[in-house]
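Chains as they are written, first to last, in our numbering: chain A, 187 to 489; chain B, -1 to 283; chain C, 3 to 441.
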Amino acid sequence: MNQSPFGTRRTRELVPYLGVAPGLLIFLLFTFLPACAVLVFSFTNLSGVPNVGWEFVGWANYERFLFSGESAANLQVIERTLVFMAVLVVVQNAVALAVALLLNRGIRGASFFRAVVFLPVILGVTVIGLVWSLVLDPVGGPVSGVLNSVGIDSALLGDTTWGFAIIMAIQLWSAVGYSMIIFLSGLQSIPAELIEAATADGANLWQRFRHVTWPLLAPAVNANVLIGIIGSLKTYQLIWVLAGGRDDTVTLPLAVFLRSFGLSSDPTPDQGFASTLSVVQFILIACIALPTMAILRRREVQL
Amino acid sequence: MTSSPAYRTRTAVAAAQRTLKAAHYLVVALIALVYLFPLFYLANTSLKESADYFTDPVALVTQPTLHNFTAAWEMGRFGGYVVNSVIYTAAAAGLGTLLSLLLAYPIARNYVRGSSVLYGLFVAALFLPLSLPIQFQLMLALGLYNTQIGYVLLMTSELGIGPFLIANYLRGVPQELDQAAAVDGCGYFRFVFQFVLPMSRPALVTVFVLHAIGVWNDIVFATIYLTDPGSLPITRGLFAFYGEYGNDWALLSAAVMIVALPLIVVYIVLQRYIVGGATAGALKS
Amino acid sequence: MNRRRLLSGAAALAATGLTGSMAACGPGQGPAASTPTGGKRTALRMLMHVAAPMNKAIEELNTKFTKANPDIDVEVALVPTAQITNARNTRLAAKDVDIVEVSSFLGGDVPGYATKAAANPWGTTIRAGNFVDLTDQPFVKRFYPNTLEYTATVDGKIWSVPTGSVFLTGVYYNKSIFASHNLAVPTTWPEFVAVCETLRAAGLAPITIGGKDGWPADMPGNAMIHALNPDLKLLDEKLWTGAAKLTDRHLVEVLVRTKQYYDFTEKNFMGIAYATAPARFASGAVAMMVDGSYTAPTIDQAKPAFEYGYFPLPGSDNAADNTEFGGRPDISFAVAAASPNVEAAQRWLDFYSMPDNYGPVVQATGFLPAQDGITTTPFADTIAARAATMKMAWTSVFHPRQDAGKFAGFPFHGIAPRGAYTDMSALAAQAQTDWDAAG
């Protein structure tokens, strides 16, 4: 620990703590403490109905999640959550990188197009959800019309097989802008001379990308991967707006929300079980995120 | 000579480059279409009479009317919702950014004991389990349910990557300035606000924009914690309107337009700052 | 065209700014003023779900109420139907509401044979002490004892005041389409299928469902259970004790006929939002729609002077089985125990239960009344005769099995196009497996 140089000898050590205190307090109280408490409550049958008592039930919630008759459905939810995360981390970033490359240089009005792609971030989840619900109306909407003209019939968002895929596509549409901007920053920090040198050496488009651009983009890639993984924890608001509490589109974080407040197909709130879902998700994310971040960090250092 | 091999190669290469460029523009135009078409369709629908929309949803509007806009305006309280959203976002993101700065600076400079523990805490916090049910019980116990203050406090507390983004940024700023200012008699807080704040502006802007986007887009916490119609942000207000009038798309489109248009206008004006600021400080981490 | 859009945008923007600044100056509702006599005004807070006919009727009732009781203001908070349980629990917990809408659809406590069923949520919340005991209030005596017994009674005490009953198993039909195709109201399943085939051959989609919300597509299936099983309570018991299996032929028949029903439904019904289905029916795009009798006012509003009728879904081959509707009482109003305004709330309930005030609510909602001597809507009149023979709907009788697989019970969501199954025997087998999985 360093000695703060500010203030008198008496106040010197104390004052930085004063600065830290409010932020730390709010953070601990509203974010950190409840998160730790969730672990504890996952072993209870806290319901959420007012004035109903609760008690510890040991592993009962976990058994119900993993080993009871409903576990097949629960495993499907986990699967869907993982798919969602993969799409958010891999597909979204791949698309964002492609778009960033397209909009980096060499065309007129690049800043206009960039602004257009970033626009959904500003519009907000409800506006996006409603706009797409309108466009994807299976009875007479434009997308439905185009599909019908090539002989495809679909309930679109209501379809139990494809609905979730469509939701993920809309999620991509709404978030690519942000990832793209991060990639653009990364791209623009690559010195032009390196690219020119590679071209002079006879490298074609792909080789330039693979040997110059891609390695130097490592920080941007890491940032986006991190944001993607963390984001998948919180990115269920759009699913909620587009599809509500339907069983065929629910992911783990959404299920935590639905179960905590009686918003799913079972209208009884079950906050103990919701806590269990949250812990399961935490374990999943930790198992995936930590190794991923370690690998990426090592790669960045190597480069 | 007009048809020497070198000339032919150069023209061939030039032609190939033109094709590539044309393809480039085409793809970009397609992307723009995917992003702008839904909004045009929305605008088109909002200008139709409900009956017209029913008979032919996709057609371009032939007799545009503003009737849906006036009806939606009267039936919803969109002005109030927008004001609420702006207040919540500005307050929570502003406060959150400030608190992040006050946390990040001593951590970066190691002026508090256990700085690395604190840093680790904020990193770990990113991956912590969702605590919705317990946060709810806590807010109830604190009497903050259905209060705007409670909502803003909760939104503020989600500091996310703020402290650690700013801390990383500040690590690149030399420490000599601290000593020099202290020798000149500058106090801790004065130093932070007068010197550190302007120096870390790119990171602060990024943190603010990130946090603001999160609060602006929040519908879940607003659903759980706010019940007074007068305190709802846009996300919920618009969604409630959809719940009540969802079977009339012409009306609903007008409502969405009422919310989206001012956003788009503001965005066009401030776009450079928002888009640029969104990442100014991000990559240094 | 462009200028128009620009102008409309500018107008909206200006309006936003103006109202925004006005709104910023003062929050939604002004503070309670004192009455001319200087007394303090009580603000009664009510919570209900969004249902336009009911909301409007209650609003008008509140205006009358405030005129008769100038010291009480009533504020009604409306939430989307899907969120009513959540809103109710959170506001009760926050002690933030006085009169609450409650739904006690599943009557009574869990019977002994249902060993692994979830507790009746209504019973749970009553016993937790969240509501005020209304047994001795004079106004409860105005309602039918049967309705009270079903919706409001727990442990021998009465806790809420009903609004009326609804039928759930009926089919709305477009009278003019039927007439122009020379169709009579079907009384048996083969007749129903014939009607659908005639309509389809004529190029018209016979049926619509607002399937996007999920549960509306269960309604025809539940109606089918109702028609094919005379004693639903017994069926529930048999399923639990194992005396009946979901793979029994007459129970598989429920799935088979529901699938036939879906096959006659317009394509992509899974994408149609429930709120838009009545409008589709009213527009004549389809001929029939299964929905609750409470939707009638919405249809009337979508298309006034539209001629339609309502008949029980004839799921059985035997006409005699298809004469009764299945239904249940609709929501009721209870008083929060933690409310500081219990006396004022009870005054409201008293006012509400007076026939002069209750009547208009019934008229507006199209419910079957829970009191004697109330005139109903013309539509409700056509079906009111069968109110006496209304049976409890399956959803109010069946106890879902906890910890079971997702097809346990009657898995209508597994039937194509909602799910993957086209072979109903296979689906029934899976349902029974999932049912048994709860151990």
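Cβ atoms here follow ideal geometry from the backbone N, Cα and C, with glycine treated the same way.
In chain order, what residues of the segment 61 to 74 of chain B put their CB closer than 7 Å to some CB of chain C?
Here the close residues are 62, 64, 67 and 71.
Please state whether DSSP places residue 133 (chain C) in a helix, a strand or coil.
Residue state, collapsed to three classes: strand.
Applying the criterion that 16 or more other CB atoms from any shown protein chain within 10 Å of the CB defines a buried residue, is residue 392 (chain C) buried or exposed?
With 16 or more other Cβ atoms within 10 Å, it is buried.
In chain A, which residues lie with their C-beta within 8 Å of the C-beta of residue 123 (chain C)?
Within 8 Å Cβ-Cβ: 235, 453 and 454.
May I ask you to list, following chain order, the residues of the segment 428 to 443 of chain A that have a beta carbon less than 9 Å from some beta carbon of chain C?
Those would be 429, 430, 431, 432, 433 and 434, in chain order.
Against chain A, with Cβ distances strictly below 7 Å, would residue 17 (chain B) count as a contact?
No, residue 17 (chain B) does not count as interfacial toward chain A.
Below 7 Å between beta carbons: does that hold for residue 78 (chain C) and residue 334 (chain C)?
Cβ atoms of residue 78 (chain C) and residue 334 (chain C): not closer than 7 Å.
Do you know offhand how far residue 51 (chain C)'s Cα is from residue 281 (chain C)'s?
Looking at the two C-alpha atoms, the distance is approximately 20 Å.
When the Cα atoms are used, what is the spatial distance from residue 92 (chain C) to residue 235 (chain A)?
Roughly 8 Å between the two C-alpha positions.
Buried or exposed: where does residue 266 (chain A) fall if 16 or more other Cβ atoms within 10 Å of its Cβ makes it buried?
Buried, because 16 or more other Cβ atoms sit within 10 Å of the Cβ of residue 266 (chain A).
Does the CB of residue 121 (chain B) have a neighbour CB from chain A at under 7 Å?
No - not a single Cβ of chain A is within 7 Å of the one on residue 121 (chain B).
If distances are taken between C-alpha atoms only, which option among C:381, C:350, C:80 and C:438 comes closest to residue 404 (chain C)?
For the residues C:381, C:350, C:80 and C:438, the minimum Cα distance to residue 404 (chain C) belongs to C:438.
Short of 8 Å in beta carbon distance, which residues of its chain neighbour residue 196 (chain C), apart from the five on each side in sequence? Order them along the chain.
Closer than 8 Å at Cβ, skipping near neighbours: 188.
At a Cβ threshold of 7 Å, is residue 439 (chain C) touching chain A?
At least one chain A Cβ lies under 7 Å of residue 439 (chain C).
With a 10 Å radius around its C-beta and 16 neighbouring C-beta atoms as the bar for buried, classify residue 42 (chain C) as buried or exposed.
Residue 42 (chain C) comes out exposed.
Locate the beta strand (DSSP E) running through residue 94 (chain B), then write down its first and last residues.
Where residue 94 (chain B) is concerned, there is no enclosing beta strand (DSSP E), although the alpha helix (DSSP H) it sits in stretches over 76 to 107.
Cα-Cα, which of C:179, C:191 and C:236 is closest to residue 208 (chain C)?
Nearest C-alpha to residue 208 (chain C): C:179.
Using the beta-carbon count (16 or more within 10 Å), is residue 39 (chain C) buried or exposed?
For residue 39 (chain C), the pLDDT reaches just 46, beneath the cut-off of 50, and the residue's location in the model is therefore unreliable, although a value from the coordinates is still provided. The residue is exposed, with fewer than 16 neighbouring Cβ atoms inside 10 Å.
In three-state terms, what does DSSP make of residue 102 (chain C)?
Three-state result, residue 102 (chain C): strand.
Going along the chain, which residues of its own chain have a beta-carbon closer than 8 Å to the beta-carbon of residue 219 (chain B), five neighbours each way excluded?
149, 152 and 153.
Between the segment 423 to 438 of chain C and chain A, which residues of the former have CB atoms less than 7 Å from a CB of the latter, in chain order?
Residues passing the 7 Å Cβ filter: 436.
When we look at the beta-carbon of residue 15 (chain B) and count the other beta-carbons within 10 Å, is it buried (16 or more) or exposed?
Exposed.
Taking a cut of 7 Å between CB atoms, which residues from the segment 149 to 181 of chain B lie near chain A?
So the list reads 151, 152, 154, 155, 156, 157, 176, 177 and 180, given in the order they occur along the chain.
Within 8 Å, do at least three Cβ pairs link the segment 171 to 185 of chain C to the segment 289 to 297 of chain C?
The answer is yes - the segment 171 to 185 of chain C touches the segment 289 to 297 of chain C, with three or more Cβ pairs under 8 Å.
Got a sec: which bits of the segment 214 to 225 of chain B sit with their beta carbon under 9 Å from any beta carbon on chain C, in order along the chain?
The segment 214 to 225 of chain B vs chain C, Cβ under 9 Å: 221, 222, 223 and 225.
Does any CB atom of chain C fall closer than 7 Å to the CB of residue 238 (chain A)?
For residue 238 (chain A), the answer is yes, since a Cβ of chain C falls inside 7 Å of its Cβ.
Do you know how far the Cα of residue 206 (chain A) is from the Cα of residue 415 (chain C)?
Cα to Cα, residue 415 (chain C) sits roughly 54 Å from residue 206 (chain A).
Using the Cα positions of residue 231 (chain A) and residue 249 (chain A), report the straight-line distance between them to the nearest angstrom.
Between residue 231 (chain A) and residue 249 (chain A), the C-alpha separation is close to 13 Å.
From the DSSP output, read off the bridge partner residues of residue 216 (chain B).
Residue 216 (chain B) pairs with nothing; no bridge assigned.
Per DSSP, which one or two residues make a beta bridge with residue 245 (chain B)?
Looking at the DSSP assignment, residue 245 (chain B) forms no beta bridge with any residue, so it has no partner.
Give the single residue among B:44, B:94, B:83 and B:58 whose Cα lies nearest to the Cα of residue 206 (chain B).
The shortest Cα separation from residue 206 (chain B) among B:44, B:94, B:83 and B:58 belongs to B:94.
So which of C:201, C:157 and C:371 has the shortest CA-CA distance to residue 168 (chain C)?
Considering only alpha carbons, the answer is C:371.
Along chain C, which residues have their Cβ under 7 Å away from the Cβ of residue 52 (chain B)?
Correct list: 285.
Buried or exposed, going by whether 16 or more other CB atoms sit within 10 Å of the CB of residue 261 (chain C)?
The residue is buried, with at least 16 neighbouring Cβ atoms inside 10 Å.
Nearest-angstrom Cα distance between residue 124 (chain C) and residue 254 (chain A)?
Taking the straight line from one Cα to the other gives about 26 Å.
Mind reading off the beta-carbon distance from residue 427 (chain A) to residue 346 (chain A)? Whole number of angstroms is fine, and I expect it under 8 Å.
Not confirmed; about 19 Å, so no contact.
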